[in-house]
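Engineer:
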Amino acid sequence: MPQPAGSPEMTSATAFDPATATIAIVTYNRSGLLTRLLESIIVMDPKPGHVVIVDNASTDDTTEVVESFRERLGTELVYRRLDSNTGGSGGFSEGMRVAYELGSQWMWLMDDDVEVIPDGLAKMGRWAPKFKSIQGRRYDYDGSEFYWQYRIAEPLAIPIPFAPAGFDASGYKPMNSGCFEGMFIHRDIVTQIGLPDPRFFIYWDDQMYGWLASRRTASVIVDEFVRAAPVRSSSTTSACAT
Numbered sequence: 001m002p003q004p005a006g007s008p009e010m011t012s013a014t015a016f017d018p019a020t021a022t023i024a025i026v027t028y029n030r031s032g033l034l035t036r037l038l039e040s041i042i043v044m045d046p047k048p049g050h051v052v053i054v055d056n057a058s059t060d061d062t063t064e065v066v067e068s069f070r071e072r073l074g075t076e077l078v079y080r081r082l083d084s085n086t087g088g089s090g091g092f093s094e095g096m097r098v099a100y101e102l103g104s105q106w107m108w109l110m111d112d113d114v115e116v117i118p119d120g121l122a123k124m125g126r127w128a129p130k131f132k133s134i135q136g137r138r139y140d141y142d143g144s145e146f147y148w149q150y151r152i153a154e155p156l157a158i159p160i161p162f163a164p165a166g167f168d169a170s171g172y173k174p175m176n177s178g179c180f181e182g183m184f185i186h187r188d189i190v191t192q193i194g195l196p197d198p199r200f201f202i203y204w205d206d207q208m209y210g211w212l213a214s215r216r217t218a219s220v221i222v223d224e225f226v227r228a229a230p231v232r233s234s235s236t237t238s239a240c241a242t
């Protein structure tokens, strides 16, 4: 398979094992969108070893929808229904905890309003031998390239409000932030910085977590499109998804 520009070459000694990865999804009362995400996981190649779904006490048919996918998802499904709505922050903290306790080496965090591109995990895995905190790119609901401010001005604690130059031949750019709509992080970093702080409820939890990760490892955004937004929506789980 041809390597995209900037992608590191893989060797047998450094090859990424998809079975060591877990996709952790947080959902709340959006079973229709969750259905589309789970349908996209069915056609993934390769698939992760586990899919963890954290349900923030939905009042719709989310439980029934999740159970309908258990036998056809093609990988092990772990469903955690919470007693109350803890927001995206609490949901991702719980999702990462479950993934970590499953022994996952890699945790891929996602909102319920995206779809995975079939070879998305393979694309992320190409970077796994080189980095331990990775963000891929996504297409917006209209097919355009979604832009996310992946660097923050540390003295001001706000995203840098201008677009940087495009990717060069390396295929990646340093970042000091994070977005739970697609953060791909290694358990070594989770061991060092702990779980996401559930007290944020929904905003700035991922920005803070990404910043903490960047203090311990080289965090990057890579020029790989691995997700798509099927519809325009207002996220109930992640501040960077809108």
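With UniProt numbering, the residue at position 192 of the sequence shown is 192, and numbering never jumps. For glycine and all other residues, C-beta sits at the position ideal for the given N, C-alpha and C.
Roughly how many angstroms separate the alpha carbons of S7 and D223, rounded to a whole number?
Structural biologist: Locating residue 7 in the sequence shown gives position 7, where the first residue counts as 1. Locating residue 223 in the sequence shown gives position 223, where the first residue counts as 1. Because S7 carries a pLDDT of 46, less than 50, the predicted location of this residue cannot be relied on, and the following value inherits that uncertainty. Each residue's Cα considered, the two are about 9 Å apart.
Engineer: Do you know how far the Cα of D168 is from the Cα of A24?
Structural biologist: The sequence position of residue 24 within the sequence shown is 24, counting from 1. The sequence position of residue 168 within the sequence shown is 168, counting from 1. Computed Cα separation, rounded: 31 Å.
Engineer: Please classify G182: does DSSP put it in a helix, a strand, or coil?
Structural biologist: For the purposes of this step, residue 182 is taken as the residue at position 182 of the sequence shown. It is coil, neither helix nor strand.
Engineer: Starting from R138 and walking both ways along the beta strand (DSSP E), at which residues does that stretch end?
Structural biologist: For this step, residue 138 is matched to residue 138 along the sequence shown. Per DSSP, R138 belongs to the beta strand (DSSP E) from 133 to 139.
Engineer: Is the beta carbon of P196 less than 9 Å from the beta carbon of F184?
Structural biologist: For the purposes of this step, residue 196 is taken as the residue at position 196 of the sequence shown. For the purposes of this step, residue 184 is taken as the residue at position 184 of the sequence shown. No, the pair does not count as a contact, with Cβ atoms beyond the cut-off.
Engineer: Could you name the residues of the same chain whose beta carbon sits closer than 6 Å to that of F16, not counting the 5 residues immediately before and after it, in chain order?
Structural biologist: The residue labelled residue 16 in the question sits at position 16 within the sequence shown. Correct list, in chain order: G125, A128.
Engineer: To the nearest angstrom, report how far apart D170 and N176 are at their CA atoms.
Structural biologist: Along the sequence shown, read from residue 1 onward, the residue named residue 170 stands at position 170. Along the sequence shown, read from residue 1 onward, the residue named residue 176 stands at position 176. Per the sequence shown, the amino acid found at residue 170 is Ser instead of Asp. Roughly 18 Å between the two C-alpha positions.
Engineer: Report buried or exposed for D206, applying the criterion of at least 16 other Cβ atoms within 10 angstroms of its Cβ.
Structural biologist: Walking along the sequence shown from the start, residue 206 turns up at place 206. Under this definition D206 is a buried residue.
Engineer: Count the other CB atoms within 10 Å of the CB of R227; is the residue buried (16 or more) or exposed (fewer)?
Structural biologist: Looking up residue 227 in the sequence shown gives position 227. Burial call: buried.
Engineer: CB-CB under 8 Å to E67, same chain, minus the five flanking residues each way: which ones, in chain order?
Structural biologist: Here residue 67 refers to the residue found at position 67 of the sequence shown. Closer than 8 Å at the Cβ level, and outside the excluded window around E67, lie Y79.
Engineer: Between F201 and M44, what straight-line distance do the alpha-carbon atoms span, to the nearest angstrom?
Structural biologist: For the purposes of this step, residue 201 is identified with residue 201 of the sequence shown, where counting begins at 1. For the purposes of this step, residue 44 is identified with residue 44 of the sequence shown, where counting begins at 1. Taking the straight line from one Cα to the other gives about 30 Å.
Engineer: Near I42, what residues of its chain come up, given a Cβ to Cβ distance below 7 Å and the 5 sequence neighbours on each side ignored?
Structural biologist: Within the sequence shown, the letter at position 42 stands for residue 42. Hits under 7 Å: R72, L73, G74.
Engineer: Looking at C-alpha atoms only, which residue of Y150, G178, A157 is the closest neighbour of G166?
Structural biologist: Translated into the one-based positions of the sequence shown, residue 166 becomes position 166. Comparing Cα positions, the closest option is Y150.
Engineer: Mind the definition here: the stretch 82 to 102 touches the stretch 213 to 222 only if three or more C-beta pairs lie below 8 Å; say whether that holds.
Structural biologist: Flag = no, the stretch 82 to 102 and the stretch 213 to 222 do not touch.
Engineer: How should L156 be labelled, buried or exposed, when 16 other C-beta atoms within 10 angstroms of its C-beta is the threshold for buried?
Structural biologist: In the sequence shown, residue 156 corresponds to position 156, counting from 1. Its Cβ having fewer than 16 others within 10 Å, L156 is exposed.
Engineer: DSSP three-state call for L82: helix, strand or coil?
Structural biologist: In the sequence shown, residue 82 corresponds to position 82, counting from 1. Three-state DSSP puts L82 in coil, outside helix and strand.
Engineer: Which term fits D83, buried or exposed, when burial requires 16 or more other beta carbons within 10 angstroms of its beta carbon?
Structural biologist: Translated into positions along the sequence shown, residue 83 becomes position 83. So D83 counts as exposed.
Engineer: Where does D113 land, buried or exposed, given buried means 16+ other C-beta within 10 angstroms?
Structural biologist: Position 113 of the sequence shown, counted from the start, is the residue given in the question as residue 113. Label assigned to D113: buried.
Engineer: How big is the Cα-Cα spacing for Y139 and G95?
Structural biologist: As a working note, residue 139 is residue 139 in the sequence shown. As a working note, residue 95 is residue 95 in the sequence shown. In a straight line, the C-alpha of Y139 is about 24 Å away from that of G95.
Engineer: In three-state terms, what does DSSP make of L102?
Structural biologist: Taking the first residue of the sequence shown as 1, we reach residue 102 at position 102. Reduced to three states, the DSSP call for L102 is coil.
Engineer: Check the DSSP bridge columns for L109 and list the partner residues they point to.
Structural biologist: Here residue 109 refers to the residue found at position 109 of the sequence shown. According to DSSP, L109 bridges with A24.
Engineer: Could you compute how far the alpha carbon of E76 sits from the alpha carbon of V51?
Structural biologist: Residue 76 sits at position 76 when you count from the first residue of the sequence shown. Residue 51 sits at position 51 when you count from the first residue of the sequence shown. C-alpha separation (whole angstroms): 6 Å.
Engineer: Are K123 and H186 closer than 9 Å when you measure CB to CB?
Structural biologist: Taking the first residue of the sequence shown as position 1, residue 123 is located at position 123. Taking the first residue of the sequence shown as position 1, residue 186 is located at position 186. No; because the gap between Cβ atoms is not below 9 Å, this pair is not in contact.
Engineer: Classify F146 as helix, strand or coil using the three-state DSSP reduction.
Structural biologist: Looking up residue 146 in the sequence shown gives position 146. Coil.
Engineer: With a CB to CB cut of under 8 Å and the five nearest residues on each side skipped, what residues in its chain are close to Y147?
Structural biologist: The residue given as residue 147 occupies position 147 in the sequence shown. Cβ within range, chain order: A163.
Engineer: Hey, T62 and L34 are a contact pair by Cβ (cut 8 Å); roughly how many whole angstroms apart?
Structural biologist: On the sequence shown, residue 62 is found 62 positions in, with the first residue counted as 1. On the sequence shown, residue 34 is found 34 positions in, with the first residue counted as 1. Right, their Cβ atoms sit about 7 Å apart.
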